Amino acid sequence: MMLIRLIFISVGVVFATTPEIDMSARPERRLYKQLNHELAIKQNLNTNENPSEVEEHIVNEPMPEAATTPRTKWCDPEKNPAYNEGYGSAVDTDQCCRKMKYCDEFIRGKEWKYGLYNADSKPKLSCSCELDFYNCLQDVFFYDEPLDAPYAAQVGEAYFHATMSPCFLKMPSSSCDGQVLYDIRNNTYESGDKKKYFCAHWSISKIWEGD
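Right under this line is the structure:
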């Protein structure tokens, strides 16, 4: 009984003297996120694809010139970093741009896909990829440290306000009355599995909202 009490007391002392880690502290949180991402790159855990395959997803640069920011690598339309290359000093904004560039749902410039023609020279992304990009930049702008916020705002304004570039929506076959249906490989069907086949149409991304 005495032994149990001693163990309980010693454990209580450890809990009482262990300093609480404040994960909300911004510099520490940035370092934590950067280290986690670098580890994921090394272990190839940040994507389900092979790096040599995922690089093929960047067929053109979807970023407008106005999105160029001095503290990023992935937001610059003139740059095409290697798959496992790091980030500029605006780390969180750069992470958003990197994820967007590797979106695997796109229509190449001057090409047809899913019954839609992209007349632009730049690729058009799916609206789901653009929404992920928008939300990522908004999180950086509103909730990250002030150093990154201006760059997230610059990219967001350029991509979601200045250009007003359309994205495409994939609609379930139940919403495609009389339209040709497609699968992800761009094969056509007159009818088929509601979960597997879809039709597509152009839409407009969200307008950037920032102070």
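For reference, each letter of the sequence shown is one residue, going -16 to -1, 1 to 195 in mature numbering (1 follows the signal peptide of the UniProt record, and there is no 0). Yeah, the Cβ is synthetic: ideal placement off N, Cα and C, and Gly gets one too. Predicted model, so just to flag it, every value in this text is computed and none were measured.
Q. Mind checking whether residue 80 and residue 114 have CB atoms under 8 Å apart?
A. Position 96 of the sequence shown, counted from the start, is the residue given in the question as residue 80. Position 130 of the sequence shown, counted from the start, is the residue given in the question as residue 114. The answer is no: Cβ separation not under 8 Å.
From what residue to what residue does the beta strand (DSSP E) around residue 156 run? Position 172 of the sequence shown holds residue 156. Taken as a continuous stretch (DSSP letters only), the beta strand (DSSP E) holding residue 156 covers 150 to 156.
**Prompt:** With DSSP run on the structure shown, which of helix, strand or coil describes residue 102?
**Reply:** For the purposes of this step, residue 102 is identified with residue 118 of the sequence shown, where counting begins at 1. Of the three classes helix, strand and coil, the one that applies to residue 102 here is strand, per DSSP.
Ordered along the chain, which non-local residues of its own chain (more than five positions away) have a Cβ less than 6 Å from that of residue 15? Mapped onto the sequence shown, residue 15 falls at position 31. With a pLDDT of only 46 at residue 15, under 50, the local geometry of the prediction cannot be trusted, and no value is derived from it.
Measure the C-alpha to C-alpha separation of residue 73 and residue 90 and round it to an integer number of angstroms.
Here residue 73 is taken as the residue at index 89 of the sequence shown, counted from 1. Here residue 90 is taken as the residue at index 106 of the sequence shown, counted from 1. Their Cα atoms are separated by approximately 28 Å.
**Message:** Nearest by alpha-carbon distance to residue 139: which of 164, 78 and 162 is it?
**Reply:** For the purposes of this step, residue 139 is identified with residue 155 of the sequence shown, where counting begins at 1. Nearest option by C-alpha distance: 78.
Cβ pair residue 190, residue 144 closer than 8 Å: What you label residue 190 is simply residue 206 of the sequence shown in a count that begins at 1. What you label residue 144 is simply residue 160 of the sequence shown in a count that begins at 1. A contact, by the Cβ cut-off of 8 Å.
At the level of alpha carbons, what is the spacing between residue 56 and residue 71? The residue labelled residue 56 in the question sits at position 72 within the sequence shown. The residue labelled residue 71 in the question sits at position 87 within the sequence shown. Between residue 56 and residue 71, the C-alpha separation is close to 6 Å.
Checklist entry - Is the CB of residue 126 under 8 Å away from at least one CB in chain C? => result Within the model displayed, chain C is absent; a lone protein chain is all it includes.
- [ ] Give me whichever residues DSSP pairs with residue 183 in a beta bridge.
- [x] For the purposes of this step, residue 183 is taken as the residue at position 199 of the sequence shown. In DSSP, residue 183 forms a bridge with 155.
Worksheet entry | Which listed residue (52, 75 and 179) has its alpha carbon closest to that of residue 130 | In the sequence shown, counting from the first residue as 1, residue 130 sits at position 146. Closest option to residue 130, Cα to Cα, is 75.
What is the rounded straight-line gap between the Cα of residue 60 and the Cα of residue 82? Position 76 of the sequence shown, counted from the first residue, corresponds to residue 60. Position 98 of the sequence shown, counted from the first residue, corresponds to residue 82. Approximately 10 Å between the Cα atoms of the pair.
Exercise for review: Drop a sphere of 10 angstroms on the beta-carbon of residue 179, count the other beta-carbons inside from all chains shown, and report buried for 16 or more, exposed for fewer.
Suggested key: Taking the first residue of the sequence shown as 1, we reach residue 179 at position 195. Classification of residue 179: exposed, given that the 10 Å Cβ count is below 16.
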